[in-house]
Amino acid sequence: MNKFEYGIAKNIEGAFDFLKEPDSKIKAGGIDVLDLMKEGLEAPKRLVNIRSVPDLRFINKGENGELRIGATTTLAEIESSKTIKAAYPALAQAAATIATPQIRNVATIGGNLCQRPRCWYFRSEDFHCLRNGGDTCFAEDGENRFHAILGNEDDCVVVHPSGTAVALMALGARLVIAKNKEKRELALADFWVTPEDDVTKENILQHGELITEIILPKPRQNESSFYFKQQEKQSFDWPIADVAVSLKLKGKQCEDARIVLGSAAPIPWRVKAAEQVLQGKPISIKLAKQAADAAMKDAKPLSENAYKVAVFKAVIYRTICWAAGVDPFAT
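As structure tokens, then:
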């Protein structure tokens with residue numbers, strides 16, 4: 194690890210002052226950025242700690258019944274929030290399944306959204322892959338059992354690692370992004386960058402910009418949500434497949450649905466074909482399985498990850514059922 198300056202911002206203005214150094218990186222929980230530095234993939238001249246900025250750590254009700262979450266709010270605070278558990282259960286469930294309790298006590302929601310892929314080729318300085326500015330995706334024809342099965346036509350086949358992103362997209366979240374005194378707001382769905390647009394980036398953040406808050410809309414009447422992930426180990430592990438579902442129900446009938454997949458594609462992946470299967474129909478195990486089939490219709494497995502199609506089908510149909518209050522194992 195190279196030498197670097199370490200700046201501790203006491204307020205947002207101080208953070209932006211520190212970020213005037215062109216070769217600087219933001220640190221909040223530090224879970225990912227320190228890993229990247231240790232792995233030799235990042236070597237900033239200045240690391241800017243924003244963890245102590247009080248205006249970035251909060252869970253507050255806003256206007257029109259929306260919920261506003263500061264970017265440095267920890268995953269532990271999100272999973273334990275009574276407000277989030279009651280109104281946005283998919284987000285609380287996603288936060289509660291990430292890493293270990295010790296990590297969730299320091300990891301932040303903003304950092305979880307902005308973390309970089311966990312592809313072992315990208316994370317190794319020995320492989321100069323596409324995402325690291327090279328000309329080869331080593332996973333495409335290499336060890337790819339945990340890689341993308343959707344959105345993988347553009348050479349880079351990483352999967353996006355953020356579980357909270359999956360839940361937040363299903364819940365219709367928006368982001369506030371700031372740079373100095375300028376702020377802009379956008380849908381979380383518009384935050385991501387595909388390999389086709391820029392293979393070296395995962396999101397639209399430019400240098401000097403940071404997420405200041407996440408805004409969740411007021412829950413729709415009779416809205417129900419659920420998040421579930423399948424992993425290899427019972428303890429801490431990255432997901433093989435994770436799914437968030439938000440349903441607007443009238444009894445058991447689905448009036449509207451949002452279904453988002455994680456660990457399936459280079460960005461959190463919304464499957465509108467599956468949503469259309471549910472539209473206007475009563476949720477049942479049979480219908481949920483039909484939606485799962487529709488979600489995987491365009492899957493293009495690699496040499497070692499065809500098993501993920503079956504895993505996703507199971508996770509999708511079960512998550513739809515749980516969101517609708519249907520027992521997915523009923524006979």
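In terms of our numbering, the sequence shown opens at residue 194 and continues consecutively.
Each residue gets a CB set at the ideal place from its N, CA and C atoms; glycine is no exception.
What does DSSP give as the partner residue(s) for residue i in the beta ladder?
| i | result |
| --- | --- |
| S496 | None; S496 has no bridge partner. |
| P432 | Q424 |
| S477 | For S477, which the question treats as bridged, DSSP gives no partner whatsoever. |
| N253 | R261 |
Are the Cβ atoms of residue i and residue j separated by less than 9 angstroms?
| i | j | result |
| --- | --- | --- |
| L403 | A366 | no |
| T267 | I219 | no |
| L361 | R261 | no |
| V352 | A341 | yes |
| A289 | R297 | yes |
| E232 | S317 | yes |
| G222 | R244 | yes |
| P337 | S496 | In the sequence under discussion, the amino acid at residue 337 is Asn, which differs from the Pro named in the question. Result yes, Cβ atoms of N337 and S496 sit closer than 9 angstroms. |
| K479 | I433 | no |
| V246 | A279 | no |
For residue i, name the three-state secondary structure that DSSP assigns.
| i | result |
| --- | --- |
| F384 | coil |
| G401 | coil |
| G356 | helix |
| S217 | strand |
| L234 | coil |
| Y199 | strand |
Hey, residue i and residue j are a contact pair by Cβ (cut 8 angstroms); roughly how many whole angstroms apart?
| i | j | result |
| --- | --- | --- |
| L454 | F522 | Wrong, their Cβ atoms sit about 22 angstroms apart, outside the cutoff. |
| T357 | L284 | 7 angstroms |
| E378 | W385 | With a Cβ gap of about 16 angstroms, E378 and W385 do not count as contacting. |
| T512 | V438 | 5 angstroms |
Skipping 5 residues on each side, what residues in its chain have a beta carbon closer than 7 angstroms to that of residue i?
| i | result |
| --- | --- |
| L442 | N415, S417, E448, A517 |
| K411 | N257, G258, E259 |
| A466 | A487, A488, K490 |
| P354 | Q308, P310, R311, W431 |
Between residue i and the rest of its own chain, which residues show a CB-CB distance below 6 angstroms, the 5 nearest in sequence each way excluded?
| i | result |
| --- | --- |
| Q483 | V470 |
| V314 | It is Tyr, not Val, that sits at residue 314 in the sequence shown. Excluding sequence neighbours, Y314 sits near F320, C322, F331, A332. |
| F429 | A292, T293 |
| A236 | N195 |
| E198 | R239 |
| D435 | G356, V359, K422, G455, S456 |
| Y420 | A283, Q286, A287, A360, A437 |
Which same chain residues, not among the five before or five after residue i, have their C-beta less than 8 angstroms away from its C-beta?
| i | result |
| --- | --- |
| K376 | V369, I370, T405 |
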